[in-house]
Structure formats: structure tokens, C-alpha cells
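> Mapped onto the numbering used here, the consecutive letters of the sequence shown carry residue numbers 499 to 833.
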Amino acid sequence: MKILAFESSCDETAVAVVEDGRRVLSDAIASQADLHALYGGVVPELASRKHVEVIAALTEKALADAGCTRQDIDAVAVTYAPGLIGAVLVGLSFAKSVAYGLGVPLIPVHHVRGHIAANYLAFPELEPPFLALAISGGNTMIVDVRDYTDLEILGATRDDAAGECFDKAARVLGLPYPGGAPMDKLAQQSRGGVYTLPHSHVEGAPLDMSFSGLKTAVVNLAHHAEQVGEPLDAPALARDFAQAVSDTLVPRVMEAAKQSGRTVIVAAGGVAANSVIRADLERACEKAGCRLYLPPLRWCGDNGAMIGAQGYYEYLAGHTAGMDLNAYATRDISE
Ligand code: ATP
Ligand code: MG
Ligand code: FE
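1. Tell me, please, whether the stretch 645-656 touches the stretch 730-739 by the rule of three or more beta-carbon pairs shorter than 8 Å.
2. Residue 786: buried (16+ other C-beta within 10 angstroms of its C-beta) or exposed?
3. Classify residue 599: buried if its beta carbon has 16 or more other beta carbons within 10 angstroms, exposed otherwise.
4. Please state whether DSSP places residue 749 in a helix, a strand or coil.
5. Measuring CB to CB, does residue 775 end up less than 7 Å from residue 629?
6. Output the distance between the C-alpha atoms of residue 575 and residue 830, rounded to the nearest integer angstrom.
7. Counting beta carbon pairs with one atom in the stretch 576-586 and one in the stretch 502-517, are three or more of them shorter than 8 Å?
8. Taking C-beta to C-beta, are residue 705 and residue 750 nearer than 7 Å?
9. Do you know whose CA, among 606, 677, 694, 545, lies nearest residue 805's CA?
10. Could you spell out the range, first to last residue, of the beta strand (DSSP E) harbouring residue 628?
11. Check whether the stretch 712-731 and the stretch 652-672 are in contact - that is, three or more C-beta pairs closer than 8 Å.
12. Taking the straight line between their C-alpha atoms, what separation do you get for residue 469 and residue 513?
13. Less than 6 Å between the CB of residue 510 and some heavy atom of the ligand MG, yes or no?
14. Quick one: complete beta strand (DSSP E) runs, 3+ long, within the stretch 606-664?
15. Is the closest heavy atom of the ligand MG to the C-beta of residue 532 under 6 Å?
16. Within 10 angstroms of the Cβ of residue 611, are there 16 or more other Cβ atoms? Answer buried if so, exposed if not.
17. Would you check if there are 3 or more beta carbon pairs closer than 8 Å linking the stretch 784-802 to the stretch 659-666?
18. From 635, 765, 769, 570, pick the residue whose C-alpha is nearest to that of residue 601; which is it?
19. Give the residues whose C-beta lies closer than 5 Å to at least one heavy atom of the ligand FE, in chain order.
20. Assuming residue 786 is part of the alpha helix (DSSP H), what are its boundary residues?
21. Looking at the structure shown, is residue 689 part of a helix, part of a strand, or coil, going by DSSP?
22. DSSP has residue 524 in a bridge; who is on the other side?
23. Under a Cβ-count criterion, where at least 16 other Cβ atoms within 10 Å of its own Cβ denotes burial, should residue 725 be classed as buried or exposed?
24. Going by the C-beta, is residue 676 closer than 6 Å to any heavy atom of the ligand ATP?
25. Does the structure place the stretch 631-644 close enough to the stretch 683-692 that three or more beta carbon pairs sit under 8 Å?
26. Taking 6 Å as the cut-off, is the C-beta of residue 653 nearer than that to any heavy atom in the ligand ATP?
27. Measuring alpha carbon to alpha carbon, tell me which residue in 711, 690, 692 is nearest residue 700.
28. Between which two residues does the alpha helix (DSSP H) carrying residue 592 extend?
29. Here's the rule I'm using: 16 or more other beta-carbon atoms within 10 Å means buried, otherwise exposed. How should residue 524 be labelled?
30. Quick one, which of 609, 807, 538, 589 has its alpha-carbon nearest residue 552's?
31. On the three-state DSSP scale, how would you describe residue 810?
32. Do you know how far the Cα of residue 676 is from the Cα of residue 692?
33. Work out the CA separation of residue 566 and residue 653 for me, nearest whole Å.
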């Protein structure tokens, strides 16, 4: 079954053709990162407009790269939530028109379910149940993936997402948007151990997380250094910051594994590209005897193929939608 998949929830327009949820026939992406870098972050209205500009041509490219014609497409999958509402609406409206025009089913896909499903593309043997650590620009959660379309949140951030925190910290260190990857590179120049950063706990909810205090601590350190004219050891701060994020995430996912009895752990989302978090997860999983799946970097960030992967399993579960399907800025992954 060939699915044409659309993703437009943030600043990447992406269209892919995926066969049977596992085989990527094409994966076309147009990133707007350079545009938003001018403003230090995503400008929602500009994102929507850019999606409109490129989505039709990108669809042609995805079909051509896959060696497909429209008639080869069996269904259309699309991110319908969560994300920037205007941005999501562009992909959703376009996907609807394609599905309607071709007379094929329309499959709504939750963006974070898509991030998790990116692992199905990289690891043919991977099947639920497993535990997923989904860490991205707008979401940070530990998810029990009981089955392909049966997911439960075991713990989540109460405020900022891990990626958002990376991006804000990067900004005060003068790094370009999106700051996660440049922060990672900078951190690799230092062994850290210079800055003491806060590690938050949510009272009564040991698997939940908070990143806003960490973000504020980095902002305050940078401003203080500037005010007193003291040089900041930026590589050490980047390293200590990544360690603080990792120390928040990794013990919690291991605790969740212990509590749930799951022995397979999967990382997902843009922040899953982080080298400190990947190394710490590897160490912790080896120690606990858990099997770890770390997606290759190309499947960590937003892409269309991950939507096609999850879309296949949503289709098998009978989750298709009519032309009245709406877009949502927020939506629980378990719905
Ligand atoms: P969401 O998926 O929650 O809707 P999003 O789609 O914007 O948000 P992704 O595309 O999955 O998020 O990931 C982007 C985020 O990943 C950004 O915050 C970016 O800075 C971060 N990121 C990318 N590479 C790294 C890295 N090596 N280390 C840390 N963070 C990273
Ligand atoms: Mg992006
Ligand atoms: Fe994403």
C-alpha cells in the first residue's frame, strides 16, 4: 500500500511516499529554517505562507522521486495536530484536496506519533510494545507504546519542551536558530563541570519534567556575565546544559521502564539527535539490560516519511477521516 504523506506543522514542508509503513520511496523536504533564523525563531504567519508557496511543487517532486503517478497512490496521510495552527492547516487542506481528487482515504496523523514511527523506517524488526522518549521542539514526553495506535503518556514536561529550551539557551549564547544542533557542536569542545545548573522535580509526579527553570538559569548566567563584563565559557555552559537536560530525561525514562516492565526503549524527535543524550541513553540501557533504538539523525527532525509510516498503522486500525477533519494546535497523543 502506497501512502502519500504530508507534514507542515512547523517550519518544514515535507511530502513523502511510503510503502506499507516501512519502505520510503521518496522523502522531499523544504526547510524554512533560514527564513526564521532572521527573526531568531519561527514566525507563524511566515511559516504558513511559505508552506503554501512550496507544497504543490514538493508533492510533484515526492511523486517523481518515488517513480509514482497519482494513480499509484492508495491513501493520503497528513499531520492534523499538534503544531502551529495555520501551518498545520496548509498541509491538511492540501492533503484533503489530493485525497478527494484521487478518491482515496484520508488518514489523520498525530505529529508526535509520527516522530515515534520514524523508528519503524529505520528498524524493520521494531514492533510495539515499547517505551518511547519523544523529545522535540514543542513536546517532551515518555510514552508507553502499547500498540501502533494505542499510546499512553507516562510522564511529560509541565512547561517548556526540551528542544525549546535548547533553542532559547542557544539564543543567549549567540548561536543561530534552530539552536539545538549548534549547541551540541559547541558542547563537544568542552568536558563541562564548570556551571551548576538546576535539576527540577515535579512534586508527586516523578516521571514529569520541568525545563523552564533550567532555561532561566542559562539566560541569567549569560546576562550576568554580560553585565559584569566577565567572559562566559560558552562551550562549558553548552556542555553542562546538555548534561542537565539529559539528567532530567534519561533517569526518568529508565524509571518508567522499570515501572512498566518494558525492556525496549525508543528515542524520537529532533532532540533525539543530541550526542550527550544519545550516549547517556546507551549507557543507561546497557546497564539496565534494555534494548535501545536510536533513530539515525535524518529521521529525528520533521519529515514526511514518518507521517507515512504512522499513517499506515492508523489506516490498518480503521482511523480514516472525512473532509470535515480539522486541525488542532494541541492534541493528546493518546486520543
Ligand atoms: P514538535 O515535534 O514538538 O512539534 P518540532 O517539529 O519543531 O516540534 P523537531 O523538528 O522534532 O521539533 O525538532 C526540532 C528541535 O530539535 C529544535 O528545538 C532543535 O533545536 C532540536 N535539535 C535538533 N538537533 C539537536 C541536537 N543535536 N541537540 C539538541 N537539540 C536538537
Ligand atoms: Mg523544524
Ligand atoms: Fe516535530
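Glycine included, each C-beta is placed from N, C-alpha and C at the ideal position.
On the basis of the data shown:
1. no
2. exposed
3. exposed
4. helix
5. no
6. 18 Å
7. yes
8. yes
9. 606
10. 628-633
11. yes
12. Outside the displayed range of the chain (499 to 833) lies residue 469, so it cannot be described from this structure.
13. yes
14. 628-633, 638-645, 648-654
15. no
16. buried
17. no
18. 570
19. 634, 800
20. 773-786
21. coil
22. 515
23. exposed
24. yes
25. no
26. no
27. 711
28. 583-600
29. buried
30. 589
31. helix
32. 25 Å
33. 41 Å
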